[in-house]
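Step one of this worksheet: look at the structure below.
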Amino acid sequence: MAAAPRRACPRTGAEIRAAFLDFYEQRGHQPIASASLIPDDPTVLLTIAGMLPFKPVFLGQQQRPAARATSSQKCIRTNDIENVGRTARHHTFFEMLGNFSFGDYFKEQAIAWAWELSTEVFGLSPNNLVVSVFREDEEAEAIWRDGVGVNPKRIIRLDEADNFWASGPTGPCGPCSEIYYDFKPELGNDGIDLEDDSRFIEFYNLVFMQYNRDAGGTLTPLAARNIDTGLGLERMAQILQGVPNNYETDLIYPLIETAAQLAGVDYRALDTKGKTSLKVIGDHSRAITQLICDGVTASNLGRGYILRRLLRRVVRHGRLLGIDRPFLAAMGEASIALMQAAYPQLLERREVILAELEREEARFLETLERGEKLLAEVLAARPKQISGEQAFELYDTYGFPLELTEEIAEEHGLTVDLAGFEAAMEAQRQRAKAAAVSIDLTLQGAIEQMAAAAEATAFKGYEALEHPSCVLALVVNGEPAEQATAGDTVQLVLDSTPFYGEGGGQVGDRGVLSGDGVIVSIEGVSRNRSVFVHSGQIERGSLAIGALVTARVDGACRRRAQANHTATHLLQAALKQVVDPGIGQAGSLVDFDRLRFDFHCPRAVTPAELEQIEALINGWISEAHTLQVAEMAIEQAKAAGAVAMFGEKYADVVRVVDVPGVSMELCGGTHVA
Ligand code: SER
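Position 353 of the sequence shown, counted from 1, bears residue number 763 in the numbering used here, the numbering being contiguous throughout.
Okay, here's the thing in structure tokens:
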């Protein structure tokens, strides 16, 4: 079975993490702290790989933090959620250890170090290792064979599906090469099938990041050749701890023990089904704790929905094991205790995490109770069988696990129409597919390409609503172009602009560009990192790259947005004063006609408090304070008491918006005077 680790080999998860980071730090890599699970990247909902925070660096859109970097990155993937707990190695939350080269070393060095780390530091015997290479990557194959000395029979060529890695449909990508651990080397070198996961586990993926893939699938070489690697911490822990699966490593097993204790069961004595439930609880508990820590709250949308789904799965599996009272706070406590040494932020956010777990669990338990009532009604009608639709409604609307419906049906001597259930499920899948928001990849790709090639836009809109600007790039009717004429829909980049680009909750400005016979109405402005993308239509004349225009913001709209933006600041101050000083902003929308302020609060705001808040804000407005804006170092701003939004990334120099004596916030938005 697993290689007997040599003396002084790292063994615990913490030791493996430290050994990896040390190894690469000693080789000139700058250690970079894990980024949030909420990525700074509109194309994905969650951080799905260690490379994600570096995507703009690979694309040459952001300066590299160093020539070489190393990190242990929190990741969540939910594409394989059904496999969690069933296979030995699938996770939602996991940690990816990575070493990165931004235009520095490449294939040969990356391979040599990966091998040295695996064999010398982790003490794995070469007899237990197999590598894969991309079918067409003869160079990588030669390095493994001739440079490292791997037996050619243990170098497996795989095709694109397995050994060409990309972070998404568009973006940086390249051929990759993986290292697998072989639990049964005695089976020999013939007919090696890396898909056989009773024998092999892939633990290290080396990506030779050298292309950018556009929306049309075309690969363009990146300016620099890069290295992106990922070593699965949980997988290495499984190998070095000699346990049969990732869940039984010290990174997760304590959570399984906590849940087993709560259920009054013994993990070792359970059948496969029971074990799977405990594994799901262990895996998902880490994920939901970390998601809430990074600022996600349960909802029916996006990240909030992922959290809700994972959390409900924990409750359902808990019920399958016989836990019939709230237990998520206990799982949250255990998860914090388990991970706080590596992620101290969990301790700081303990209250928020536990409160969110308790609240969402209570909400779900209520739904389950309503489902139980519905089921009772169904049974009272004395059916011959519980129909597929009924079982599906219980599952879909009331979160009833099918197994639970089956169990209750059985107690009444009934069965459930399983085929009908599957059919209803499939119909739902089809509906969801049809309703899925389809992003116009062509347009998005063209905009991204345009923005990537442009310099940061100089924003002039704090001081002026009108400004002379030059057109730097154009996307016309969805495609990059040199020129646009009347009737065309355009996205364009200017060298400098008075238009506010949507950000910090505030919507982008509207207005007009005018110049030599041309009028362009601008309906919105977004930001692609630091490049402002103006969207609109050519009303008259034609516009070409290089044209000089007068950019004029619609002042009436802007004033309304400004009033709403200052109002959100006052609202936050009033909430803190009246309801709870611990209230923190979770998001906001500052539109022309309305504002929305999202905040974390452990309880509902009462009508009496609402009245108080309203009176307080109206009082502040009638006092007509003079609002002050200043730029300063972030430490200075924080020391002065400026409120920052949790989870937001700020530059070293920040903009502070101060309504003296009332509210002081870090903010890049525009405000009333
Ligand atoms: N980005 C690659 C992966 O996620 C290597 O880190 O597998």
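Every residue gets a Cβ at the ideal spot worked out from N, C-alpha and C, and that includes glycine.
Quick caveat: nothing in here was measured; it's all calculated off a predicted structure.
Counting only the same chain and skipping the five closest in sequence on each side, list residues whose C-beta sits under 8 Å from that of Val-847.
Note on Val-847: pLDDT 43, under 50, position unreliable in the model; the coordinate value appears next. Contacts found: none.
Taking 7 Å as the line, does the beta carbon of Met-646 fall inside it for any heavy atom of the ligand SER?
The answer is no for Met-646.
Is it buried or exposed, Val-1063, if we count other Cβ atoms within 10 angstroms and call 16 or more buried?
By the 10 Å Cβ count, Val-1063 comes out exposed.
Given a cut-off of 8 Å on the beta-carbon distance, is the pair Pro-908 and Ala-961 in contact?
For Pro-908 and Ala-961, yes; Cβs fall inside 8 Å.
Which term fits Tyr-621, buried or exposed, when burial requires 16 or more other beta carbons within 10 angstroms of its beta carbon?
Buried is the call here.
Mind checking Ser-1032: buried by the 16 CB within 10 Å criterion, or exposed?
So Ser-1032 ends up on the exposed side.
Return helix, strand or coil for Ile-553, following the three-state DSSP convention.
DSSP places Ile-553 in helix when its eight states are reduced to three.
In this structure, does DSSP put Gln-750 in helix, strand or coil?
Coil, per DSSP.
Are there 16 or more other CB atoms within 10 angstroms of the CB of Lys-689, so buried, or fewer, so exposed?
Buried.
Between the segment 939 to 953 and the segment 852 to 868, do at least 3 Cβ pairs fall closer than 8 Å?
Yes: the two stretches touch, three or more of their Cβ pairs being nearer than 8 Å.
Shortest alpha-carbon distance to Leu-469 belongs to which of Ala-550, Asp-490 and Gly-581?
Looking at the Cα atoms, Gly-581 is the closest of the given residues.
At which residues does the alpha helix (DSSP H) containing Gln-987 begin and terminate?
Counting along the chain, the alpha helix (DSSP H) containing Gln-987 begins and ends at 965 to 988.
Would Arg-1065 pass as an interface residue toward chain C - the criterion being a Cβ-Cβ separation below 8 Å?
Chain labels in this structure do not include chain C; a single protein chain is all it has.
Would you list the one or two residues that DSSP bridges to Ala-876?
The question names Ala, but residue 876 is Glu in the sequence shown. Answer is Arg-962.
Can you tell which of Glu-782, Arg-841 and Asp-624 has its C-alpha closest to the C-alpha of Glu-816?
Comparing Cα-Cα distances from Glu-816 to each of Glu-782, Arg-841 and Asp-624, the minimum goes to Glu-782.
Give, in chain order, every unbroken run of the alpha helix (DSSP H) that is at least 4 residues long and sits entirely within the segment 675 to 707.
Listed in chain order, the complete alpha helix (DSSP H) runs (minimum 4 residues) inside the segment 675 to 707 are 682 to 703.
Tell me whether Met-646 sits in a helix, a strand or coil according to DSSP, three-state version.
Helix, per DSSP.
Which partner residues of Gln-795 appear in the DSSP bridge assignment?
Note: Gln-795 sits in no beta bridge, so no partner.
How many Å lie between Val-922 and Leu-717 at the Cα?
Taking the straight line from one Cα to the other gives about 42 Å.
Hey, Val-543 and Ile-565 are a contact pair by Cβ (cut 8 Å); roughly how many whole angstroms apart?
Yes, they are in contact, since the Cβ atoms of Val-543 and Ile-565 sit about 6 Å apart, within 8 Å.
Can you name the start and end residues of the beta strand (DSSP E) that Asp-1008 belongs to?
Its beta strand (DSSP E) spans residues 1005 to 1010.
Is Gly-855 helix, strand or coil by DSSP?
Looking at Gly-855 - three-state DSSP - the assignment turns out to be helix.
Of the choices Arg-487, Val-1069, Pro-991 and Ala-894, whose alpha-carbon is the least far from that of Arg-719?
Residue Arg-487 is the option with its Cα nearest to Arg-719.
Per DSSP, what kind of secondary structure is Gly-823 in: helix, strand or coil?
Reduced to three states, the DSSP call for Gly-823 is coil.
Look up His-944 in the DSSP assignment and give the residues it is bridged to.
BP columns for His-944 point to Leu-902 and Val-935.
Given this structure, state the Cα-to-Cα distance separating Asp-638 from Ala-498, to the nearest angstrom.
Straight-line Cα distance between these residues: approximately 25 Å.
Could you tell me the boundaries of the alpha helix (DSSP H) in which Val-354 lies?
Any answer about residue 354 is impossible in this case: the structure gives the chain only from 411 up to 1083.
Cβ atoms of Ile-521 and Trp-554: under 8 Å apart, would you say?
Closer than 8 Å, so yes.
To which residues of the same chain is Pro-477 closer than 8 Å at the C-beta, ignoring the five residues directly before and after it?
Checking the sequence shown, residue 477 turns out to be Ala, not Pro. Counting only Cβ-Cβ distances below 8 Å, and skipping sequence neighbours, we find Gly-438, Ser-511, Phe-512, Gly-513 and Asp-514.
Does the beta-carbon distance from Gln-987 to Leu-1026 come in below 8 Å?
It is a contact, given that the beta carbons lie within the stated cut-off.
Would you please state the rounded distance, in angstroms, between the beta carbons of Cys-583 and Asn-615? I believe it to be under 8 Å.
Cys-583 to Asn-615, Cβ: 13 Å. No contact.
Do you know whose CA, among Arg-841, Thr-686, Ala-625 and Leu-981, lies nearest Gly-1029's CA?
For the residues Arg-841, Thr-686, Ala-625 and Leu-981, the minimum Cα distance to Gly-1029 belongs to Leu-981.
Decide yes or no for the touch test of the segment 681 to 701 against the segment 727 to 744: beta carbon pairs closer than 8 Å, at least 3 of them.
Segments in contact, yes.
For Trp-525, which of Asn-636, Leu-812, Leu-641 and Ile-796 has the nearest alpha-carbon?
Checked all of Asn-636, Leu-812, Leu-641 and Ile-796; the closest Cα to Trp-525 is Leu-641.
List the residues that DSSP assigns as beta-bridge partners of Thr-480.
Paired residues: Pro-441 and Asn-509.
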